[in-house]
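Report on the following structure.
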Amino acid sequence: MIRKPAVAGQFYEGNKASLTRSIEKSFLHKLGPGKLPSQVEQKNEKKIVSVIAPHAGYIYSGPVAAHSYLELWKDRKDGPDTVIIIGPNHHGGAPIATMNRGQWETPLGKVDIDEDIANSIINRGKNIQDDPYSHRSEHSIEVQLPFLQYLYKGNFKFVPICMLYHDYQNCEIVGEAVASTIKSSEKDIIIVASTDFTHFEPHEVAKNKDRKAISAIEKLDARLLFNTVRQERITMCGVDPVTSTIIASKKLGAEKARFLKWSSSGDIISDKSRVVGYGSIVIMK
4 MIRKPAVAGQ FYEGNKASLT RSIEKSFLHK LGPGKLPSQV EQKNEKKIVS
54 VIAPHAGYIY SGPVAAHSYL ELWKDRKDGP DTVIIIGPNH HGGAPIATMN
104 RGQWETPLGK VDIDEDIANS IINRGKNIQD DPYSHRSEHS IEVQLPFLQY
154 LYKGNFKFVP ICMLYHDYQN CEIVGEAVAS TIKSSEKDII IVASTDFTHF
204 EPHEVAKNKD RKAISAIEKL DARLLFNTVR QERITMCGVD PVTSTIIASK
254 KLGAEKARFL KWSSSGDIIS DKSRVVGYGS IVIMK
């Protein structure tokens, strides 16, 4: 089974050459890290457990995502064996959906699903289902793949997990299943949590709200993040993926989170009356 790209030509460029250029522009953008991966030293310390990156169109959120991926590149010289990408489900389907076979295609090539890791997560997590339908139109996981392919030339496998509802118990199920799977494996596995932050509010309102959510992430306090998003009415679509990722990361020995960058769509289009917020964060041992 090959899952064809759902948003190529919409959220990101639809051909290999143009997509590669747009990714490089994201790294070099004034809101990005300002350097290409080829221009930085790789320490290969393998301290990163997970990264948080946005999933809007690359023109809006690509530079912010580039911060997380540059840090991953510095930390993983040869790349991880497997990447577990957890994103929100904007379209419907199973409450917690993965895929345990097949490939996902982007203009940069195909990426194999890690069947062993996917099946382990399903077996360890109540309510986690193999449901390709849930992934058919969903963009939140797909848009992370070209960045990873650009860095590691497709020399990795991955597992997609999308989450439909805001439910803390589901976050615990996913976090614990992912952590126990990684602990039981000899593979080098990292987690990517895909989220945007505040949606469709003025820039300063979004910035202030998102700062509260980011503060909870920096504390690695999953319950605080989940409750803050609810209490402050922060329209953070990926709160469940990020909450799950914090739970998993702490079980895997993470001790700190490092905030890298926040910006909004208003920084790109110069209309700050109604923006979407984007943030990049790495979680480390």
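For any residue, its number in the numbering used here is found by taking its place in the sequence shown, counting from 1, and adding 3.
Every residue gets a Cβ at the ideal spot worked out from N, C-alpha and C, and that includes glycine.
Requested in this report: List in chain order: all unbroken alpha helix (DSSP H) runs of 4+ residues lying wholly within the stretch 68-128.
Outcome: Those alpha helix (DSSP H) runs which fall completely within the stretch 68-128 and span 4+ residues are 118-127.
Requested in this report: Classify ILE192 as buried or exposed, calling it buried when 16 or more other Cβ atoms lie within 10 Å of its own Cβ.
Outcome: Numbered from 1 along the sequence shown, position 189 holds the residue referred to as residue 192. It counts as buried.
Report task. Please confirm if the stretch 134-152 is in contact with the stretch 10-17, defined as three or more CB-CB distances below 8 Å between the two stretches. Result -> Yes, the stretch 134-152 is in contact with the stretch 10-17.
Query raised in the report: Roughly how many angstroms lie between the CA atoms of ASN211 and TYR63, to the nearest whole one?
Result: The sequence position of residue 211 within the sequence shown is 208, counting from 1. The sequence position of residue 63 within the sequence shown is 60, counting from 1. One C-alpha to the other measures close to 19 Å.
Query - Rounded separation between GLY289 and ASN158 - CA only - result: Beyond the ends of the chain as shown, which are 4 and 288, falls residue 289; an answer cannot be given.
Query raised in the report: Which stretch, first to last residue, makes up the beta strand (DSSP E) that contains ALA257?
Result: Counted from its first residue, the sequence shown places residue 257 at position 254. Looking at the DSSP string, ALA257 is not in any beta strand (DSSP E), and its letter there is neither H nor E.
Requested in this report: Please go through the same chain and pick out, in chain order, the residues whose beta-carbon is closer than 6 Å to the beta-carbon of LYS254, but skip the five residues on each side of it.
Outcome: If you number the sequence shown from 1, residue 254 lands on position 251. By the criterion of a C-beta distance shorter than 6 Å, LYS254 is surrounded in its chain by ALA182, once the five residues flanking it on both sides are discounted.
Query raised in the report: Counting pairs of beta carbons, one from the stretch 187-202 and one from the stretch 266-284, are three or more of them closer than 8 Å?
Result: The stretch 187-202 and the stretch 266-284 touch, with no fewer than 3 CB-CB distances between them shorter than 8 Å.
Requested in this report: Please classify GLN42: does DSSP put it in a helix, a strand, or coil?
Outcome: Along the sequence shown, one-based indexing puts residue 42 at 39. The three-state secondary structure of GLN42, taken from DSSP, is helix.
Query raised in the report: Starting from VAL278 and walking both ways along the beta strand (DSSP E), at which residues does that stretch end?
Result: On the sequence shown, position 275 is the one that residue 278 refers to. First-last of the beta strand (DSSP E) with VAL278: 278-287.
Query raised in the report: What are the residues that DSSP puts in a beta bridge with MET166?
Result: Residue 166 sits at position 163 when you count from the first residue of the sequence shown. DSSP, once it has assigned bridges, lists PRO91 and ILE99 as partnering MET166.
**Report entry** Residue environment, LYS160, which counts as buried when at least 16 other CB atoms sit within 10 Å
**Finding:** In the sequence shown, the residue the question calls residue 160 occupies position 157. With 16 or more other Cβ atoms inside 10 Å of its own Cβ, LYS160 counts as buried.
Report task. Can you give me the Cβ contacts of GLY178 inside the same chain, cut-off strictly under 6 Å, excluding the 5 residues immediately before and after it? Result -> Locating residue 178 in the sequence shown gives position 175, where the first residue counts as 1. SER247, ILE250 and ALA251.
Query raised in the report: Which residue or residues does DSSP assign as beta-bridge partners of TYR15?
Result: The sequence position of residue 15 within the sequence shown is 12, counting from 1. Per DSSP, the beta-bridge partners of TYR15 are ALA11.
Report task. Drop a sphere of 10 angstroms on the beta-carbon of ILE51, count the other beta-carbons inside from all chains shown, and report buried for 16 or more, exposed for fewer. Result -> Residue mapping note: residue 51 aligns to position 48 of the sequence shown, counting from 1. So ILE51 ends up on the buried side.
**Report entry** PRO8 to LEU111 span [Cα, whole Å]
**Finding:** For this step, residue 8 is matched to residue 5 along the sequence shown. For this step, residue 111 is matched to residue 108 along the sequence shown. So the two alpha carbons sit approximately 11 Å from each other.
Query raised in the report: Which same chain residues, not among the five before or five after ILE185, have their C-beta less than 7 Å away from its C-beta?
Result: As a first step, residue 185 must be located in the sequence shown, where it is residue number 182. Cβ neighbours of ILE185 beyond the five flanking positions: ILE192 and LEU255.
Query - Beta-carbon spacing of ASP243, CYS174 below 8 Å - result: Taking the sequence shown and counting its residues from 1, the one referred to as residue 243 is at position 240. Taking the sequence shown and counting its residues from 1, the one referred to as residue 174 is at position 171. Remark: C-beta atoms of ASP243 and CYS174 approach each other more closely than 8 Å.
Query raised in the report: In three-state DSSP terms, what is PHE161?
Result: Taking the sequence shown and counting its residues from 1, the one referred to as residue 161 is at position 158. Strand, per DSSP.
Query raised in the report: Comparing alpha-carbon positions, which option in ARG277, MET287 and ILE271 lies nearest LEU34?
Result: As a working note, residue 34 is residue 31 in the sequence shown. Proximity to LEU34 across ARG277, MET287 and ILE271 peaks at ILE271, based on C-alpha coordinates.
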